[in-house]
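Protein chains in written order, with the numbering used here: chain W, 164 to 440; chain E, 23 to 337.
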């Protein structure tokens, strides 16, 4: 089987399978989950059984159902964050590249300062002030993450603005916006596609970590990081409850990474095949 | 060379200044202010005004920033809002704990990463290289709390070798402390080793494609000798930079891992402060974290200037 004219290697198939399963579960969670995400159906931390395949959590909710619903929130939030961060980072990055020296200097120095605070610490500071509603969470991570996208977009666009066809567009009097939209953006996107996967992984882990610290997605919404936090104490009693959501996070990141590796290997091909992506 | 280094250090100090402004500003731009955040919905305008005055919030922002920053660089972070204790005195033992944990992890991680990276580079393409590659890729993509809980599950609960919570006290013996902190230290080690190892491997391998290495092989030297005598000294610069950068990463990884193991370090202190919305604590911890981060980054740059002859001439 071929995807976009390329034959994925075995590892990429594993990644596509993992991500496919999780996305399927995320979309159809209400229909395939055996129980609701918020109902206590059994005792606290009951062991895995036929009725509750992964056991139950700290207040007796079915873990399997919650992992399914958690896929929705965790993947959804990470995806929205990444899309936002890409929009912001790419626009700013290209603006820095074409907008002249002053714009470039101002934007780059702001990003430098933001990058010299550890992201997690920065996010903690901001979330502590604004509170962790879904909107602030997504906006905060998106803005913080866009600094990385900005760096890449700026570097890619910097290489493009000096090319002849951009010069030609300028000389025939096209506006700045037209040049960005028609000349730079289409050529800047291919190298950024694999970056999208990497940023998604990063944001995904970031959301999970924040939720694990109790500052990300708030209950009663089920999310994987928060579930690890809620069930953390169970591990001391030899129960596996926190391991399931943690394993879901690990599997998802590994899956995306495997796909990204494959895309990277296509882009690295010397034939110039990357332009088609 | 001295000029390049001085410029870099001054740049680091400027960054620290800018970061302190950013941290202060980030806590200022919220709608309402700390007083209303702390007092909550039930506050009357009177109590709010009084509390604002008590905190000095009725003065302009830049004056408060200057006051906060000049006090902070002298080590005076003020008192916590929640328990009125001096932040510096409650932070110092936690900072020492964190440094102990980070140093512990670094002591294991650095030799392990560099050693395994070189081994993987020597045996490029053989099974040991592949195993190292897969394990390190897995370690990078997995969240730190997953590794932490897995280790607790197997080594603390199933085997009972280590305690599952790393509670440390002031008057704990060194040997006991090493034992108690072993699991979080190993978790941190796994996290940073993977990055360092991959960078070490790739920087040794990139040197291996240079013409003078080919020359050394053509002279009939063994692969081991070529790597240790010809390649490694030249690969040192990127490796040192990567080590310093990863030590900076270690400082951040500490936040989550301290929460997993309930280890009384500065990361937990900050998370506590955040859940209680204790602003001075958050600012102080943020500044300490950012400071450590900037110092390590600057050190990385200075070291890479020192070990790389080509960078020594100022451009």
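Ideal Cβ positions, reconstructed from N, Cα and C, are used throughout, including at glycine.
Helix, strand or coil for residue 198(W) per DSSP?
What you label residue 198(W) is simply residue 35 of the first chain in a count that begins at 1. DSSP places residue 198(W) in coil when its eight states are reduced to three.
On a CA-only basis, which of 108(E), 28(E) and 239(E) is nearest residue 251(E)? Give me that one, please.
As a working mapping, residue 251(E) is identified with position 229 in the second chain. The shortest C-alpha separation from residue 251(E) is found at 239(E).
Chain W contact residues for residue 165(E), given Cβ-Cβ distances below 7 Å:
Residue numbering aside, residue 165(E) sits at position 143 when the second chain is read from its first letter. Correct list: 368, 371, 372, 409, 412 and 413.
Rounded C-beta distance between residue 342(W) and residue 329(W)? I'm assuming under 8 Å.
For the purposes of this step, residue 342(W) is taken as residue 179 along the first chain, with counting starting at 1. For the purposes of this step, residue 329(W) is taken as residue 166 along the first chain, with counting starting at 1. Going by Cβ atoms, the distance from residue 342(W) to residue 329(W) rounds to 6 Å, so yes, they are a contact pair.
Close-in-space but distant-in-sequence residues of the same chain around residue 315(E) (CB under 8 Å, 5 per side omitted)
By 1-based counting over the second chain, the position of residue 315(E) is 293. Excluding positions up to five away in sequence, the list reads 270, 273 and 274.
Any Cβ of chain W within less than 8 Å of the Cβ of residue 147(E)?
One-based indexing of the second chain puts residue 147(E) at position 125. Cβ-Cβ to chain W under 8 Å: no for residue 147(E).
Beta-carbon of residue 382(W) versus every beta-carbon of chain E: anything under 8 Å?
On the first chain, position 219 is the one that residue 382(W) refers to. Chain E contact via Cβ: absent.
Proximal residues to residue 227(E) (C-beta, below 6 Å), its chain only, five neighbours per side dropped
On the second chain, residue 227(E) is found 205 positions in, with the first residue counted as 1. Excluding positions up to five away in sequence, the list reads 143.
Same chain only: Cβ atoms within 8 Å of residue 119(E), ignoring 5 sequence neighbours per side:
As a working mapping, residue 119(E) is identified with position 97 in the second chain. Counting only Cβ-Cβ distances below 8 Å, and skipping sequence neighbours, we find 190, 285, 286, 287 and 288.
Listed by chain order, chain C residues near residue 211(W) by CB distance under 8 Å
Annotation note: the requested chain C is absent from the structure, which comprises protein chains W and E.
Since I believe residue 315(W) is in contact with residue 256(W) (beta carbons under 8 Å), could you give me their beta-carbon distance rounded to a whole number of angstroms?
As a first step, residue 256(W) is located in the first chain; it is residue number 93 there, counting from the start. As a first step, residue 315(W) is located in the first chain; it is residue number 152 there, counting from the start. Yes, they are in contact, since the Cβ atoms of residue 256(W) and residue 315(W) sit about 7 Å apart, within 8 Å.
Taking its Cβ as the centre, do 16 or more other Cβ atoms sit within 10 Å of residue 153(E), making it buried, or is it exposed?
Here residue 153(E) corresponds to residue number 131 of the second chain, with the count starting at 1. Label assigned to residue 153(E): exposed.
DSSP beta-bridge partners of residue 101(E)
By 1-based counting over the second chain, the position of residue 101(E) is 79. Beta-bridge pairing links residue 101(E) to 108(E).
Would you mind working out which of 165(E), 255(E), 45(E) and 135(E) sits nearest residue 155(E), comparing C-alpha positions?
Walking along the second chain from the start, residue 155(E) turns up at place 133. The option with the nearest alpha carbon to residue 155(E) is 135(E).
Less than 8 Å between the C-beta atoms of residue 266(E) and residue 41(E), yes or no?
Here residue 266(E) refers to the residue found at position 244 of the second chain. Here residue 41(E) refers to the residue found at position 19 of the second chain. Contact: no.
Which residues in the same chain as residue 30(E) place their Cβ atom closer than 8 Å to its Cβ, once the five residues preceding and following it in sequence are excluded?
Translated into positions along the second chain, residue 30(E) becomes position 8. Correct list, in chain order: 320, 323, 324 and 327.
Look at the Cβ atom of residue 240(W), then the Cβ atom of residue 418(W), and state whether they are nearer than 8 Å.
Numbered from 1 along the first chain, position 77 holds the residue referred to as residue 240(W). Numbered from 1 along the first chain, position 255 holds the residue referred to as residue 418(W). No. Outside cutoff.
Is the shortest distance between the beta-carbon of residue 281(W) and the beta-carbons of chain E less than 8 Å?
Looking up residue 281(W) in the first chain gives position 118. Residue 281(W) counts as touching chain E.
Tell me the rounded alpha-carbon separation between residue 420(W) and residue 202(W).
Numbered from 1 along the first chain, position 257 holds the residue referred to as residue 420(W). Numbered from 1 along the first chain, position 39 holds the residue referred to as residue 202(W). Cα to Cα, the separation comes out at about 34 Å.
Run down chain W in chain order and give the residues with a C-beta less than 8 Å from the C-beta of residue 308(E).
Numbered from its first residue, the second chain carries residue 308(E) at position 286. Those are 280, 284, 285, 287 and 288, listed as they occur along chain W.
Against chain E, does residue 377(W) count as a neighbour if the rule is that its beta carbon must be under 8 Å from one of theirs?
In the first chain, counting from the first residue as 1, residue 377(W) sits at position 214. By this cut-off, residue 377(W) is an interface position.
Excluding sequence positions up to five away, which residues of its chain have a Cβ less than 6 Å from the Cβ of residue 174(W)?
Start at 1 with the first residue of the first chain, and residue 174(W) comes out as number 11. For residue 174(W), where only same-chain residues beyond five positions count, the Cβ hits under 6 Å are 421.
For residue 203(E), which option in 216(E), 219(E) and 186(E) has the closest C-alpha, if you only look at C-alpha atoms?
The sequence position of residue 203(E) within the second chain is 181, counting from 1. The shortest C-alpha separation from residue 203(E) is found at 186(E).
Inter-residue Cα distance where the pair is residue 74(E) and residue 292(E)
Numbered from its first residue, the second chain carries residue 74(E) at position 52. Numbered from its first residue, the second chain carries residue 292(E) at position 270. Cα to Cα, residue 74(E) sits roughly 23 Å from residue 292(E).
Can you tell me which of the three DSSP states residue 244(E) falls into?
Locating residue 244(E) in the second chain gives position 222, where the first residue counts as 1. Note: residue 244(E) maps to coil in three-state DSSP.
Check the Cβ-Cβ distances between residue 300(W) and every residue of chain E, and say whether any is below 8 Å.
By 1-based counting over the first chain, the position of residue 300(W) is 137. No, residue 300(W) lies away from the interface with chain E (no Cβ there is under 8 Å from its Cβ).
When we look at the beta-carbon of residue 369(W) and count the other beta-carbons within 10 Å, is it buried (16 or more) or exposed?
To locate residue 369(W), count along the first chain from 1; it is residue 206. When all chains shown are included, residue 369(W) counts as buried.
If you measure beta-carbon to beta-carbon, which residues of the stretch 221–250 of chain W are closer than 9 Å to chain E?
none
Sheet register partners of residue 224(W) (DSSP bridge)
The residue labelled residue 224(W) in the question sits at position 61 within the first chain. Answer is 203(W), bridged to residue 224(W).
Start-end ranges of the alpha helix (DSSP H) lying completely within the stretch 236–304 of chain E, minimum 4 residues:
254–282 and 288–297
Sequence-distant residues of its chain with Cβ nearer than 7 Å to residue 309(E) (five each side left out):
Looking up residue 309(E) in the second chain gives position 287. Excluding residues within five positions, the ones whose Cβ falls inside 7 Å are 42, 45 and 94.
Any idea if residue 172(W) is buried or exposed, counting beta-carbon neighbours within 10 angstroms, 16 or more meaning buried?
Stepping through the first chain from its first residue, residue 172(W) is reached at position 9. Exposed is the call here.
Measure the Cβ-Cβ separation of residue 235(E) and residue 258(E) and say whether it is below 8 Å.
To locate residue 235(E), count along the second chain from 1; it is residue 213. To locate residue 258(E), count along the second chain from 1; it is residue 236. Not in contact: residue 235(E) and residue 258(E) (Cβ atoms no closer than 8 Å).
Determine, using beta-carbon pairs with one atom in the stretch 385–397 of chain W and one in the stretch 261–268 of chain W, whether at least three such pairs fall under 8 Å.
no
For the stretch 293–310 of chain W against the stretch 234–250 of chain W, are there 3 or more C-beta pairs whose distance is under 8 Å?
yes
Assuming contact is defined by CB atoms lying nearer than 8 Å, are residue 170(E) and residue 282(E) in contact in what I supplied?
Residue mapping note: residue 170(E) aligns to position 148 of the second chain, counting from 1. Residue mapping note: residue 282(E) aligns to position 260 of the second chain, counting from 1. For residue 170(E) and residue 282(E), yes; Cβs fall inside 8 Å.
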